[in-house]
Every structure is written in C-alpha cells, then in structure tokens.
Amino acid sequence: MPAFARKILLAVQAVIALTSLLGGGALIVGATAGENLFVQGLRADYLEGSPFTSYLVPGILLAVVVGGIHLTAFLMLKRRSHGSVFASAVAGFALLIWIFVQMVFIPFTVLQAIYFAAGLAEIGLVLLMLGLFTDDEAPEA
Numbered sequence: 316m317p318a319f320a321r322k323i324l325l326a327v328q329a330v331i332a333l334t335s336l337l338g339g340g341a342l343i344v345g346a347t348a349g350e351n352l353f354v355q356g357l358r359a360d361y362l363e364g365s366p367f368t369s370y371l372v373p374g375i376l377l378a379v380v381v382g383g384i385h386l387t388a389f390l391m392l393k394r395r396s397h398g399s400v401f402a403s404a405v406a407g408f409a410l411l412i413w414i415f416v417q418m419v420f421i422p423f424t425v426l427q428a429i430y431f432a433a434g435l436a437e438i439g440l441v442l443l444m445l446g447l448f449t450d451d452e453a454p455e456a
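Numbers 316 to 456, taken from our numbering, label the letters of the sequence shown in order.
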C-alpha cells in the first residue's frame with residue numbers, strides 16, 4: 316500500500332467527514348430553528364420537486380450517510396483495519412452518489428464540482444492503494 320496514497324486519502328476523508336458532519340448539522344439546526352441560520356444561499360424553492368419539505372432530512376442524510384461513512388473509513392484507514400480500503404471505496408462512491416442526486420434537485424454550484432472531484436480522487440487513491448497502477452507484474456511483451 317503506497318504510503319503517500321494512504322496519507323492523501325486520510326486527509327481527503329478527514330476534510331469530507333468534517334465538512335459533511337458540520338454541514339449536515341447546520342442544515343438540521345437551520346431546519347429545526349425555522350430558518351437557515353448557518354447556511355447561506357439555500358432557498359426553499361430548491362426543495363420543490365424533491366421528496367423533502369425542509370432541509371431536516373437532507374441534513375440528517377448528509378451528516379449520517381456521507382459524514383458517517385467518511386468518518387468510519389477514516390478511522391479504519393488510520394488504524395489500518397482489515398477492510399479499510401473497501402470502506403474507503405464505499406465512502407468515495409457514497410459521495411459521488413450524493414452529488415449526483417443533489418444535482419437533480421439543486422442548480423449546479425462550484426462546491427458540487429469540488430466534492431465530485433474529491434469523490435473521484437478517493438476512488439483513484441483506492442485504486443493506487445490496491446496496486447492497480449504499478450508495473451510490478453507487467454506481462455512480458
């Protein structure tokens with residue numbers, strides 16, 4: 316397992332876990348307080364056509380699903396637990412799915428592109444950690 320890929324993946328997972336937990340928490344607090352106290356630019360009309368009437372459920376999903384999966388993958392990778400690479404792949408795909416679904420309901424923002432790129436980076440780093448891009452066992456030509 317390349318050490319540089321592991322370190323970069325840990326950093327990406329930490330940032331995504333932290334921002335997902337904080338962002339989800341802000342959506343939850345904003346929804347329960349009756350106004351968006353912490354998140355600027357989120358309008359109620361973004362929820363039109365979605366299954367949600369407030370940002371409460373999206374906030375819970377963001378914190379628990381995206382943030383929770385990334386936190387779990389981070390902790391597993393940090394401890395070098397068995398299955399940590401699989402958990403990291405799941406976290407990367409969870410982020411990509413989150414962004415795909417989000418873009419169905421919310422107009423495109425640069426932040427979506429950044430997080431999509433982060434999800435792709437996670438998948439790429441997992442592939443590096445699995446040794447997919449090494450020439451160690453290249454077939455003879």
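Backbone N, C-alpha and C fix where the C-beta goes; we use that ideal spot for every residue, glycine too.
### Query
Where L426 and R358 are concerned, what is the direct C-alpha to C-alpha distance, given to the nearest angstrom?
16 angstroms
### Task
Verify the CB distance criterion: does L371 have a CB-CB separation below 8 angstroms to chain C?
The displayed structure is made up of one protein chain only, and chain C is not part of it.
### Query
Taking the alpha-carbon positions, what's the F319 to V381 distance?
24 angstroms
### Message
Below 8 angstroms, how does it come out for the region 322-340 and the region 359-369: are there three or more Cβ pairs, yes or no?
### Response
no
### Message
With a threshold of 7 angstroms on Cβ separation, who are the neighbours of I323 within its own chain once the five nearest residues in sequence on each side are excluded?
### Response
L440
### Query
Under 8 angstroms, do I414 and G383 count as touching if we go by C-beta distance?
no
### Task
Under 7 angstroms Cβ to Cβ from S335, same chain only, skipping five residues before and after it: list those, please.
L377, A378, V381, G382 and H385
#### Entry: As assigned by DSSP and simplified to three states, the class of L357
coil
### Message
Let's see if you can read the secondary structure: which residues bound the alpha helix (DSSP H) around G434?
### Response
V425 to M444
### Message
Using the three-state DSSP reduction, which class does T334 fall into: helix, strand or coil?
### Response
helix
### Task
Round the Cβ separation of M404 and V327 to the nearest angstrom and send it over; I've been treating them as touching at under 8 angstroms.
Met is not the amino acid found at residue 404; the sequence shown has Ala there. In fact, because the Cβ distance is near 13 angstroms, the residues do not count as touching under 8 angstroms.
### Task
Reducing DSSP to helix, strand and coil, say where R321 ends up.
helix
### Query
Which of helix, strand or coil does DSSP assign to S399?
helix
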